[in-house]
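Structure first, commentary second.
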Amino acid sequence: MDGANHSVISEFVFLGLSNSWEIQLVLFVFSSVFYVASMLGNSLIVLTVAWDSHLHSPMYFLLANLSFIDLGVSSVTSPRMIYDIFRKRKVISFEGCIAQIFFIHVIGGVEMVLLIAMAFDRYVAICKPLHYLTIMSPKMCILLLAVSWIIGLIHSVVQLVFVIKLPFCGPNVLDSFYCDLPRFIKLACIDTYKLEFMVTANSGFISLGSFFILIISYMFILITVRKHSSGSSKALSTLSTHIMVVILFFGPCIFVYTWPHPTSQLDKFLAIFDAFLTPFLNPVIYTFRNKEMKVAMRRVCSQFIVYRKIS
1 MDGANHSVIS EFVFLGLSNS WEIQLVLFVF SSVFYVASML GNSLIVLTVA
51 WDSHLHSPMY FLLANLSFID LGVSSVTSPR MIYDIFRKRK VISFEGCIAQ
101 IFFIHVIGGV EMVLLIAMAF DRYVAICKPL HYLTIMSPKM CILLLAVSWI
151 IGLIHSVVQL VFVIKLPFCG PNVLDSFYCD LPRFIKLACI DTYKLEFMVT
201 ANSGFISLGS FFILIISYMF ILITVRKHSS GSSKALSTLS THIMVVILFF
251 GPCIFVYTWP HPTSQLDKFL AIFDAFLTPF LNPVIYTFRN KEMKVAMRRV
301 CSQFIVYRKI S
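So that you can map any letter, position 265 of the sequence shown is 265 in the numbering used here, and since no number is skipped, the others follow by simple counting.
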C-alpha cells in the first residue's frame with residue numbers, strides 16, 4: 001500500500017437478517033420497540049441523575065455516563081437496521097461503513113473503561129469507605145471519564161489507520177446488517193491475515209482481558225463484603241447488578257472477536273443482542289435493582305408533571 005486507497009467499490013450491500021416477510025415484520029416490531037424503550041430508559045437515567053441532587057455522587061455520575069454511552073450503542077446500528085428491514089437492496093456507502101466501524105469501536109472502548117471505572121468505584125466504596133469521597137473526588141470522576149474517551153478513540157483509530165486504505169475490488173456483499181471489522185476486512189483484495197490477527201488482539205484479547213480483570217475484581221470485593229455484616233445486603237445487590245451488566249456487555253464482544261469458527265447466524269443474533277437488548281437491559285437492571293434510583297425517577301417524573309400543569 002502506497003498511502004492511497006485503490007478500491008473500485010464505493011458501496012457495500014447487506015444481506016440483512018431474513019428474506020421472509022413474516023420474520024421481517026417480527027424483527028421490525030421487536031427492534032422498534034426495544035430501540036425506543038432503550039432510548040427512553042437511558043435518557044431517563046441521564047435526566048434523573050442530572051436533575052436529582054440526591055444522586056450527585058460518583059457512582060451515579062458514572063452510571064449516567066454509561067447510560068449516555070448506551071444511547072450511542074443504540075443509535076450507531078439500530079436506526080439503519082430498522083430502516084433497511086423491508087428494503088430489497090440494503091446499501092451503505094464506503095464512507096458510511098467506515099463511520100459505523102469507527103463509532104462502534106469508540107463507544108465499545110469507552111464503555112469497557114467505564115465498567116472498569118465503576119468496579120474501581122465500588123472497590124473504594126466498600127473496601128475504603130472512610131476515604132471514598134477523598135479518592136472518588138469530582139476531579140477523579142472527570143479524569144476517569146476523560147481516560148475512557150481517550151482510550152476509546154485510540155482503540156478505534158489504531159484499527160482504522162490500517163483498515164481505511166485497504167483495496168476493495170469485489171465482491172461487496174456483507175452477510176450482516178451493519179459494518180464491522182471481521183467481515184469488512186475479509187472483502188479486501190489482499191491477504192489480510194495480519195490485519196485479522198491485529199483486530200483479534202486489539203478487540204478480542206483486550207475484551208477478554210478486561211472481562212477477567214473485572215470478574216476477579218468483583219470476586220475480591222464480594223469476599224470483602226461477606227466479611228462485613230452491616231450493609232452487606234445493599235452492597236451485594238449493587239455488585240450483582242454491576243456483574244450482570246459486565247457479562248451482558250463483554251459476552252457478545254468476546255465471542256465475536258475471539259471465536260475461531262464464526263457463524264453468520266450466531267453473529268447476527270449476538271449483534272442484535274448487543275444493539276437492542278443490552279442498551280435496554282442496562283437501565284432495566286439498574287432501575288429495578290436500585291431503590292434509590294426508582295425513588296429519584298418517581299420524584300423527577302412527578303416534578304415534570306407538576307411543571308407541565310403549571311406551564
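Glycine included, each C-beta is placed from N, C-alpha and C at the ideal position. Bear in mind the structure is a predicted one, so any value in this text is a computation, not a measurement.
Where residue i falls, given that 16 or more other Cβ within 10 Å makes a residue buried
i	result
phenylalanine 14	buried
aspartate 2	Note that aspartate 2 has pLDDT 47, beneath the 50 cutoff, so the model's placement of it is unreliable and no number is given.
lysine 194	exposed
alanine 4	In this predicted model, alanine 4 has a pLDDT of only 49, less than 50, meaning its place in the structure is not dependable; the value taken from the coordinates is given anyway. Counting Cβ neighbours within 10 Å, alanine 4 comes out exposed, since fewer than 16 surround it.
cysteine 301	exposed
isoleucine 107	buried
alanine 201	exposed
methionine 219	exposed
valine 29	exposed
threonine 341	Nothing can be reported for residue 341: it is not among the residues displayed for the chain, which extend from 1 to 311.
Option in the options with minimal Cα separation from residue i
i	options	result
valine 284	Phe12, Ser43, Leu27, Leu174	Ser43
aspartate 52	Arg299, Pro279, Cys179	Arg299
leucine 63	Ala201, Trp149, Ile310, Met293	Met293
proline 279	Phe249, Asn172, Val124	Phe249
glutamine 159	Phe168, Ile104, Val113	Ile104
Contact check, residue i vs residue j, beta carbons under 8 Å
i	j	result
leucine 25	leucine 17	no
serine 74	serine 31	no
glycine 152	glycine 109	yes
glutamine 100	tyrosine 178	yes
tyrosine 286	serine 207	no
serine 176	alanine 271	yes
leucine 55	alanine 296	yes
phenylalanine 276	tyrosine 83	no
alanine 119	serine 217	yes
Rounded Cβ spacing between residue i and residue j (contact assumed at less than 8 Å)
i	j	result
leucine 71	leucine 214	Not confirmed; about 22 Å, so no contact.
arginine 122	threonine 238	7 Å
phenylalanine 304	leucine 174	43 Å between Cβ atoms; not a contact.
phenylalanine 94	isoleucine 190	The Cβ separation is near 16 Å, so there is no contact.
Does the stretch 123 to 140 touch the stretch 41 to 56, meaning 3 or more C-beta pairs lie closer than 8 Å?
Contact between the stretch 41 to 56 and the stretch 123 to 140 is absent, with fewer than three C-beta pairs closer than 8 Å.
Counting Cβ pairs closer than 8 Å, one from the stretch 84 to 100 and one from the stretch 60 to 69, do we hit at least three?
Taking one beta carbon from each stretch, the stretch 84 to 100 and the stretch 60 to 69 have fewer than 3 pairs nearer than 8 Å; the two do not touch.
Take every Cβ of the stretch 136 to 147, pair it with every Cβ of the stretch 180 to 193, and state whether three or more of those distances are shorter than 8 Å.
The stretch 136 to 147 is not in contact with the stretch 180 to 193.
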